[in-house]
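Under UniProt numbering, the residues of the sequence shown are numbered 1 to 1248, in order.
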Amino acid sequence: MAGIRDGLRADARARDGEDPWDDPGLPARFLEQVEWLLGEPGQGPDLDLYPAEAALLALFPFLYRAHCLLRVEQLAAVRPWSLAPVAEPSADRRSFEVFTEGDQALVQRARRAPGAEPAVGWWLFHRWLAQQREFAGPDPVRRLLDELGEAAEGLGEALAPRRVTALLHGLRRGPDVCHPEFLTLLSTDDRVRSGPGHQRIRDQRLALLLALAHGMAIEMTALPAIVAEHLPIPYPVDLDALRRTLDGANWGGPHDVPVLRAECRHEAVVEGLREYAARADELLHTVRRTARDRITQPLPELPARLSGDGVVPSEGAFDGYARFRGDGRRMLDLAMGVQLYKSRDLAVRELYQNALDACRYRRARGEYLDRTGPPSSSPYRGRIAFAQGVDDDGREYLECRDDGVGMGDAELRGVFSRAGSRFAEQLEFTLERADWERLDPPVTLYPNSRFGIGVLSYFMLADDIRVTTCRMGRDGVPGPVYEVSVCGPGHLFRIVERAARGREPGTTVRLYLRPGTLEEGWSCVDVLERVLGIAEFATTAEHGGVVSEWVPGVLRTRTQAYGETEPALNAHGSLVPWAEAPEGVHVVWCERGGALLVDGLLVAPKVRSTGVFGAKGSGLTGAVVNLSGPWSPGSLSVDRQHVVDDVAPVVGDLLRRAAGILADVDVDALTDADAPADADAGEGVPGFEWVCRVAAESPVLADIATSALAARGRDLVFKGLSFGTATAGFLPMDFSLLPRSRGGSGYSSARWAKDGEDVPDHVYLWRLLARRHPALDDLAELCPEIGDVGPVLRAVPSDQWLLGSSARRLGGIPDAARFLASTSREIAERVAGLGFPDADPLHWEPDARLTAANARAFGEGAAYPLTRRSRVTANVLHDAAARMRADVAATAAHLRGFGLTVPEHVERQAAASDDLLVERPMSDEAGLLDSDTAVPPGHIARVAVASDLSVAEVCRRLTAYGLAVDPGGLPPRPSAEDLMLLSERGTGRAPWLDRARVTPPGHAVRAAARLGLPLAAVLARLTRLGFTVPRAFPADAGPEDVPLLTDEFERELLVPAEPPLYTVVLDGPDDLPELRRKVARLRSYGFDVALDVPARPTALDREILRPFGPFNWWTSSNAPVPFTHVVMAASLLATSPRDIAKRLRACGITPSHDDLPPGLSFGEATELLRLDDLQDGEVPEVQDFSLQYLHRVALRRRTSLTEVVGLVRGLGVPLPDPADTIRAALARVPRATGMRRGDEFPPLPAGR
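As structure tokens, this is what we get:
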């Protein structure tokens, strides 16, 4: 054995990544503890050991060591020294990575700490090995015995694989070595052939002695987690020093209370060994109790207690330390309160989940017994029953009864009473499941228990809990009946045996409800109906004469109540279940609502707005999906109301597979059976309005459903309109978008059916062409090319979502890709195919990848988001880099990768950290100079003054950055007075005067006043500086005129060459005489204002000439006033447009038209202009008159499109030629093949 061990150890050391947790001293320590427990000859009772038993006791420390080395050697390909995820892991590596996810905080710290990763990785590897079900399975044990070869033959049946397997398991069980179900696997007295003849081996006694000796030997990898947690820290545990500490440790003191003595070089080792000693003491206590109750053979005199008081720091190792601890009582209070679970109803959920696990366990155990022995007379079906009532003492209670596997004494002391323990992690379950999995096919059990703290939620409802339980043994026979009463999470409870053997396994948990805790009318029936959608076993709930039942595997429908705030199941109407669903999955298409279930219970995805999930409720609309067994997600929130994992891909794949059954459904039959007699066709699954409801929450799911229908050649007809045909596809808004025949019903309750108003012109034309609608004939008269259009793109529901999203621009594509479970390139291609070329991937570099992080560069949501056609200035590039959190060079390359033009000189300017390039420094409006325009003289002068440089030197430096400069008449060394003259606001700072514009007269008079110079001197000086100055000034011009010469809305001075808006002219004066004086004064400064205030104004004049009255004056004062403004004012003033037009001309203002077009009434005009749809301050613009709207008006008026366009033009809206509009739209129509994309699109007509 020693030779095998040394060979394996040498082989392990030869591998990459030597195991830092290798513990060569363990066998000697283990054997020393075996010898100490057995005692000296003549000490204590005669143990009556057979030679085979003595040989096993002496051999087992080395056998265990060899087995561990073999397992490490066999699984070293897992590469435990690396904790980084592997791209394509093997099955063992994947299992190891999943195991390490339970210690993510430690893993992340280890990967950040230099040198700590291998040590932490190997520690997790050893934990993984210990908890792996195959640790001491038949195959590894047979390999171990094969390695022993002839050396093992002398011991014969003493080394039978089953015995060695069980004893190896016993070493790792701790106190659970005494679990009755484990000990039952071992013989109390087995007659074996070993050595020269027959001998006896008492395996149960042997297992207890070996487990206790192993526990006292202190295996290095069995130390508490605190040791490994102190590897990736500034002062880490030294594993070599730890090995020396363990080899030097011993149990000293009196035999009845041995004390662990060890000197430690690290604080974590001190705490770890003390904690370990406490666990060893618990093991000793359990062994003593079990030996007294169960073992009939003599045992050595065991200690009464084990103590860790002798564990101390080594002298001079460290000065002192403290440990961060939580207040246990407060932590329990938190775990029992609504702060963690949010709702007291969760206790009901936990009761159901625990009962579900118990029934699953019994079913699996029974299946194994039936397949390995005589089958039972009737298959196990399982049942769970809830009851709420009042007992004979008047105490209100909630009771959950199941006929599951039940609990025994060990379970009550262990999993039930220890928060954080899960039965699925217990070694007796691991061992039993290993037996199950040896069958073909294996018996499977998927526990739903996640955290092992759910039982604490019971105390949210009750202070007193009564449990009556009977466990089904591994032989299928019911065990004793136990009863416990628990009065609080920190309280002791007595385990009382009520009967030596029960009639049937199962558990009854009764919670005595705490008075005043629950609101009046609270009922377990309501709670279960809200959260339980599909029961796995027959389930009932009863309260106050109301009984609800759940048939196994069948969705129990429920309609969510109005105003319901708690998470609640909402799935009802016609149902279409997927009969071919894989085991562990239920998919039910439902007419209303929808839900995601795990183990039949309602959950909601944490990862929302992606794929098939919507943003509301449980995330699903139109379908209920239940994931259980092998399909159950790996991570749930502590309150089990949310799935933490991203399950959208899995759920989406299941729904895609289940969608085929939709084509077999008779929609009309479903509607007639389940809906009122007057219900619209299409309400049921998969009717048109059902698809609309689904699409409104999840376009992806609507795509799945409609694609499945199309694959089977199934279209949906709704009120005479077919959806899902091979040419038209399925675009819900077709229902409201397309012109309908007179008298046809055009109502649908589905929101997505109402979205077809004012769509882009090419989308409207696309839909007409897709259906070859008769209304195309009217358009073909203006544009005959329509008749030559071939097949168009087939629509899917998600196209409608894309048309209304921000995915038309680069910055909005990643969000759309995430929502539609696609890639950014695929979304961009689809959007371009829909006729929006700005983000067309044809202009992307082949390796360009658009993500949510780098898409920030495009400024989606900003006032001017970047598109491929955007002009990229230094400011734009600088801001994009800031949003992207990257340097300028990387951002410029990024923008170029998506088709934007970024000149090299712009990149140089944006990357330079030179104050010379900064406009308006020290202000909130600071930015870089525009590289496409000449640098203002004022900026040149400011830099020269601030830097004490000459104008020539400043110009040279600016030119080096590729900027155009024109110093003009600037003096070589500008003065502060020059800066004031060059400043647009007279402050000596930006914004600066622009040579391309005439200098505002207000600037000149203000500068003259501030500089104390005559106006003529200021004008001359401005002229020398290269600026054009106005010619007209009144003789008494002065600074008091500056407010008159200022546009207060834009906060800039007026220029005669740029006529002000009428609003600016009208604003300020309190009455019409004062307005007359203002107009005259403006004219004296050279402004040509088309306004003559009447000498004797009428009441209508006074109303009209109010700056913010019924007339919209936001129009230029030297251009005709659009007649639309006249019509709007007439509507507000209850007069005729003709009268208003007449008064405008009387005031010297020219309207674009003097009256309504012939044959058009005032009411028809307001309707045609859609005045009722305008918001305050809005006026009809060209873009308000889509081709769809104009065509619809023409059809309604039974006239031509040209005639309608003429009417709108007659009302003052300069619409383009309708033939040009149609041709521009036709070029963008989505085609099935040969789609014109990118720069080939012609521009839209003027104004469109």
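All C-beta atoms, glycine included, are put in the ideal place defined by N, C-alpha and C.
Since the model is a prediction, treat every value here as computed from it, not as a measurement.
Cβ-heavy atom distance, residue i to the ligand ADP, below 7 Å
i: C68; result: In terms of ligand content, the structure shown is empty, and the ligand ADP therefore cannot be addressed.
Beta-carbon proximity list for residue i, same chain, < 7 Å, skipping 5 on both sides
i: L654; result: V585, V587 and V625
i: T901; result: V872
i: I495; result: D409, L412, Y482 and V484
i: A673; result: Here A673 scores only 39 on pLDDT, less than 50, and its place in the model should not be relied on; the value that follows carries that caveat. For A673, where only same-chain residues beyond five positions count, there are no Cβ hits under 7 Å.
i: T706; result: V691, G724, F730, V796 and P797
i: G812; result: S805, S806 and E860
According to DSSP, residues forming a beta bridge with residue i
i: N626; result: H586 and L597
i: W122; result: Answer by DSSP bridge pairing: none, since W122 is not bridged.
i: Q388; result: L398 and H543
i: M472; result: P478
i: V638; result: In the DSSP output, where bridge partners are listed per residue, V638 has none listed.
i: P313; result: C264
Within 8 Å, strictly: CB atoms of residue i and residue j
i: C268; j: V237; result: Sequence inspection shows Ala at residue 268; the Cys mentioned does not correspond to that position. Contact: yes.
i: A211; j: V177; result: yes
i: I201; j: Y64; result: no
i: G154; j: G197; result: no
i: A1007; j: M980; result: yes
i: L532; j: W550; result: yes
i: D1067; j: P1120; result: no
i: T1166; j: V1127; result: yes
i: G1086; j: R1031; result: yes
i: D1041; j: R1081; result: yes
Option in the options with minimal Cα separation from residue i
i: L834; options: Y764, A960 and G859; result: Y764
i: R640; options: R349, D392 and S485; result: R349
i: V455; options: C400, V443, V496 and V481; result: C400
i: A499; options: T469, F493 and G687; result: T469
i: R143; options: D103, A166, L70 and L155; result: L70
i: L1133; options: S1116, V1121, D1101 and L106; result: D1101
i: R556; options: G563, H572 and E542; result: H572
i: A364; options: R466, D475 and S457; result: D475
i: residue 1256; options: E564, D1036, P972 and L636; result: The structure shown has nothing for residue 1256, since the chain only spans 1 to 1248.
i: G373; options: L439, D393 and A1141; result: L439
i: A964; options: V945, A990, N1118 and P936; result: P936
i: D592; options: A581, A105, G617 and A623; result: The amino acid occupying residue 592 in the given sequence is Arg; Asp does not appear at that position. It is A623.
i: C264; options: R274, P258 and S307; result: R274
i: F386; options: T507, M460 and E437; result: T507
i: R809; options: T823, D799, A828 and W801; result: A828
Close Cβ partners of residue i (< 6 Å) along its chain, the five nearest in sequence each way excluded
i: A874; result: V906, Q909, A910, L928 and S931
i: D755; result: M733
i: V86; result: R93
i: L183; result: Q204
i: L866; result: F858 and G859
Neighbourhood of residue i by C-beta distance below 8 Å, restricted to the same chain and skipping five residues each side
i: A821; result: T610, G611, V612, A648, P649, G652 and V700
i: L768; result: L738, A775, L776 and L779
i: T1115; result: L1061, Y1062, V1121, P1122 and H1125
i: E282; result: G174 and P175
i: A1232; result: G790, P791, V792, L793 and R794
**Request:** Determine, using beta-carbon pairs with one atom in the region 263 to 278 and one in the region 301 to 315, whether at least three such pairs fall under 8 Å.
**Result:** yes
**Request:** Tell me, please, whether the region 777 to 795 touches the region 838 to 855 by the rule of three or more beta-carbon pairs shorter than 8 Å.
**Result:** no
**Request:** Answer yes if the region 363 to 378 comes into contact with the region 510 to 528, meaning at least three C-beta pairs across the two stretches below 8 Å, and no otherwise.
**Result:** no
**Message:** Below 8 Å, how does it come out for the region 951 to 959 and the region 1015 to 1032: are there three or more Cβ pairs, yes or no?
**Reply:** no
**Asked** Is there contact here, the region 1185 to 1196 with the region 1215 to 1228, by at least three beta-carbon pairs under 8 Å?
**Response** yes
**Request:** Would you check if there are 3 or more beta carbon pairs closer than 8 Å linking the region 1176 to 1183 to the region 1191 to 1201?
**Result:** no
**Asked** Contact between the region 145 to 161 and the region 242 to 259: three or more CB pairs below 8 Å?
**Response** no
**Request:** Could you tell me whether the region 375 to 391 touches the region 427 to 447, where touching means 3 or more Cβ pairs closer than 8 Å?
**Result:** no
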